[in-house]
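Peer 1: Here my numbering is used: position 57 in the sequence shown is 57, and no number is missing along the way.
Pasting in a structure now, in structure tokens, and then I'll have a few things to ask.
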Amino acid sequence: GEDGCGAYSTMPVGSKPAGASPFGVLDMAGNVREWVYDWYAPLHPYRWRFEGCGCMYGTCDLGRERGTHRVNRGGGWMDGSEELRAPYRSANLPVNRGSDLGFRCIYPRKRR
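This is how it looks when you write it as structure tokens:
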């Protein structure tokens, strides 16, 4: 559209200030899927029934020491609305790349 939303491309950083998190962080959703360092753990059809809803929040991927695929979080500009949520997870080979896949650099906050 004219506002750039859904125009089959990324948006400029900080262009949606109304979407800021409670901490004032911008651009936490959309634009590109986020490549995550955790190894992907496939969901078994009965797994989350026995483990509660932990996998819904991504904890089933944490702590895996090895695997073949890395976790991707959220959705990118080429995905549908179902994928444009932070809890959405998918898998990708570590060597794959694409114009709708990125990563977020983080810096740990110093404790006071």
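Glycine included, each C-beta is placed from N, C-alpha and C at the ideal position.
1. Can we count S15 as close to the ligand MN, meaning its CB is less than 6 Å from some heavy atom?
2. Quick one: what does DSSP say A86 is sitting in, helix, strand or coil?
3. Please state the DSSP three-state secondary structure of A91.
4. If contacts are defined as beta-carbon pairs under 8 Å, then R33 and G74 qualify, I think. What distance do you get, rounded to the angstrom?
5. If you check the beta carbons only, do G30 and L101 fall under 7 Å apart?
6. For G98 and G76, what's the separation of their Cα atoms in angstroms?
Peer 2: Inspection of the coordinates gives the following:
1. Looking at this structure, you won't find the ligand MN or any other ligand, since it has none at all.
2. Position 86 of the sequence shown, counted from the first residue, corresponds to residue 86. The answer is coil: DSSP assigns A86 none of H, G, I, E or B.
3. In the sequence shown, the residue the question calls residue 91 occupies position 91. Looking at A91 - three-state DSSP - the assignment turns out to be strand.
4. To locate residue 33, count along the sequence shown from 1; it is residue 33. To locate residue 74, count along the sequence shown from 1; it is residue 74. Contact check for R33 and G74: beta-carbon distance about 6 Å, within the 8 Å limit, so the pair qualifies.
5. Taking the first residue of the sequence shown as 1, we reach residue 30 at position 30. Taking the first residue of the sequence shown as 1, we reach residue 101 at position 101. No. Outside cutoff.
6. Numbered from 1 along the sequence shown, position 98 holds the residue referred to as residue 98. Numbered from 1 along the sequence shown, position 76 holds the residue referred to as residue 76. Their Cα atoms are separated by approximately 10 Å.
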